[in-house]
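Asks:
In the working numbering, the protein residues as written are 727 to 924.
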């Protein structure tokens with residue numbers, strides 16, 4: 727029996743954390759070191775968590791405070807954990823509404839094309855712009871209605887997706903951790919939780 731080689735072949739479902747992980751869209755993920763601290767990019771210096779915060783503005787405020795106190799913030803990162811994908815439903819989508827939205831998008835495109843042609847028109851440039859706007863709106867409405875009809879009623883709503891984290895950690899390179907902790911010792915923030923120190 728021959729064994730496959732390569733990063734993708736080395737990983738198998740149910741493999742332990744010591745085995746090679748499969749490559750993702752952003753490249754091969756790195757695993758935490760034995761000391762529990764994360765590591766930066768492959769070959770980069772190890773990092774240490776200097777604080778965990780319940781929301782992004784709090785973590786951003788910490789990094790901003792470090793920057794204001796001349797800390798080399800290019801050696802820091804804000805890491806969101808416990809990620810959740812939230813899709814907020816904005817409303818019901820009908821063929822008429824799809825056509826209306828398409829008309830709006832098409833009108834903007836038609837206005838842009840009309841402006842381009844209007845620049846080089848010797849005669850009535852305003853008429854060229856208006857014709858471009860109207861034609862764009864008509865074609866946009868047609869395409870919007872057809873695109874919605876082709877879904878077969880499988881998605882009759884509009885939505886907006888956002889990625890939210892349950893917690894935000896501020897990490898710095900290990901050799902700068904003491905300097906960062908000294909600076910943060912002078913900063914009082916509600917809701918912050920210092921990491922466990924060994």
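Just so it is clear, CB atoms sit at the ideal spot from N, CA and C, and this is done for glycine as well.
Check the C-beta distance from residue 870 over to residue 817 and give it rounded, since I have them as a contact under 8 Å.
Replies: Actually they are not in contact, since the Cβ atoms of residue 870 and residue 817 sit about 15 Å apart, beyond 8 Å.
Asks: What does the alpha-carbon distance come out to for the pair residue 788 and residue 895?
Replies: Using only the alpha carbons, I get a separation of about 10 Å.
Asks: Buried or exposed, going by whether 16 or more other CB atoms sit within 10 Å of the CB of residue 776?
Replies: By the neighbour-count rule (16 or more Cβ atoms within 10 Å), residue 776 is buried.
Asks: According to DSSP, simplified to helix, strand and coil, what is residue 911?
Replies: Here residue 911 sits in helix by DSSP.
Asks: Nearest-angstrom Cα distance between residue 823 and residue 879?
Replies: Approximately 14 Å, taken between the alpha carbons.
Asks: Can you list, in chain order, the stretches of the beta strand (DSSP E) that have 3 or more residues and sit fully within the region 832-916?
Replies: If we require 3 residues or more, the beta strand (DSSP E) runs fully inside the region 832-916 come out as 883-899.
Asks: Where residue 842 and residue 854 are concerned, what is the direct C-alpha to C-alpha distance, given to the nearest angstrom?
Replies: Taking the straight line joining both Cα atoms gives about 9 Å.
Asks: The alpha helix (DSSP H) with residue 812 in it runs from where to where?
Replies: Premise fails: residue 812 lies in the beta strand (DSSP E), 802-818, not in any alpha helix (DSSP H).
Asks: Per DSSP, residue 789 forms a beta bridge with which residues?
Replies: The partner list for residue 789 (beta bridge, DSSP) is empty, contrary to what the question assumes.
Asks: According to DSSP, which residues form a beta bridge with residue 782?
Replies: Per DSSP, none; premise fails for residue 782.
Asks: Compare the C-alpha of residue 801 against each of 877, 847, 897 and name the closest.
Replies: The shortest Cα separation from residue 801 among 877, 847, 897 belongs to 897.
Asks: Going by Cα to Cα distance, which pick from 899, 782, 810, 825 is closest to residue 888?
Replies: Of the listed residues, the one whose Cα sits closest to residue 888 is 810.
Asks: Quick one, are the C-beta atoms of residue 892 and residue 860 less than 8 Å apart?
Replies: No, Cβ-Cβ distance for residue 892 and residue 860 is not below 8 Å.
Asks: On a Cα-Cα basis, can you pick out the residue from 862, 792, 844, 781 that is closest to residue 904?
Replies: It is 792 whose Cα lies nearest to the Cα of residue 904.
Asks: So, residue 707 versus residue 839, is the Cβ gap smaller than 8 Å?
Replies: Any property of residue 707 remains undetermined from this structure, which presents the chain solely from 727 to 924.
Asks: How would you call residue 797, buried or exposed, if buried means at least 16 neighbouring beta carbons within 10 angstroms?
Replies: By the 10 Å Cβ count, residue 797 comes out buried.
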